[in-house]
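**Q** In my numbering, the protein residues as written are 1 to 159.
Where a beta carbon is used, it is the ideal one built from N, C-alpha and C, also for glycine.
Quick caveat, the model's predicted, so the values are computed rather than measured.
Sending over a structure as structure tokens; questions will come in a sec.
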Amino acid sequence: MNHKKVLRIMRKYNVLSRVRKKKKIFVLGHEPVVAKNRIQRRFKATKPNEKWFTDITYLMFGNKPLYFSYIIDGFNNEIVSYKIGETQDVSLVLDTLKEALRKRNVIDTILHSDQGKVYTSKQFQTYAKEKGIITSMSRTGNCHDNALIESFHSHLKSE
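Okay, here's the thing in structure tokens:
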């Protein structure tokens with residue numbers, strides 16, 4: 001059926017439809033470095049600094065979004081480190097990781113994240129490797145692979 005005919009019928013019966021917004025397409029300025037999923041939904045750690053989980057979310061302050069980058073220890077769900085910034089960029093997550101490394105002694109710590117552009121950047125991956133961090137990433141579009149972080153997001157935004 002022609003879209004014009006559908007529109008005439010909808011107008012006749014006073015039916016309105018919602019038009020979905022177009023998804024933004026982001027072009028990465030780099031070839032993403034994707035790490036394999038070493039966590040496999042086994043979120044609980046048996047000792048401190050064994051498994052860290054990281055992500056970025058935004059929080060509205062007035063009319064302005066601020067980005068909240070943080071690292072959570074899978075042993076006791078403690079926030080190891082966090083930074084707040086006006087832009088979601090590699091420097092924000094690097095600063096978060098640097099602060100965590102200043103606070104904790106890490107040996108073979110797994111750092112699990114999603115496949116966001118800041119985590120797949122060569123700069124972030126190289127720094128993590130230099131510091132002895134083993135990176136792990138959830139599969140694209142699968143929130144259950146990073147459930148510990150998603151649960152934290154829901155608590156953070158509801159309180």
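1) Go through its chain and collect everything with a Cβ distance to D218's Cβ below 7 Å, but skip five positions before and after it.
2) Over the uninterrupted beta strand (DSSP E) stretch that includes M1, give me the two end residues.
3) Helix or strand or just coil, what does DSSP make of V80?
4) Which runs of the beta strand (DSSP E) fall wholly inside the stretch 96–132 and span at least 3 residues, in chain order?
5) What residue from Q125, L59, F61 has the CA that sits closest to S91's CA?
6) Unbroken beta strand (DSSP E) runs of length 3 or more, entirely within the stretch 46–74: which are they?
7) Counting C-beta neighbours from all protein chains within 10 Å, is the total for Y119 16 or more, i.e. buried, or is it exposed?
8) Cα-Cα, which of K51, A100, E78, L97 is closest to N37?
9) Rounded to whole angstroms, what's the CA-CA distance from N105 to K47? Just pull it up for me.
10) Around the C-beta of H112, are 16 or more other C-beta atoms found within 10 angstroms, so that it is buried, or is it exposed?
11) Compute the distance between the beta-carbons of A100 and F75, then report whether it is under 8 Å.
12) Work out the CA separation of I133 and V33 for me, nearest whole Å.
13) If the criterion is Cβ atoms closer than 8 Å, does the pair L148 and A128 meet it?
14) According to DSSP, simplified to helix, strand and coil, what is I9?
**A** Let me lay it out:
1) Here the chain comprises residues numbered 1 to 159, so residue 218 is not present and cannot be evaluated.
2) M1 -> no beta strand (DSSP E), and no H or E assigned at all.
3) strand
4) 110–113
5) Q125
6) 51–61, 64–73
7) buried
8) K51
9) 13 Å
10) buried
11) no
12) 15 Å
13) no
14) helix
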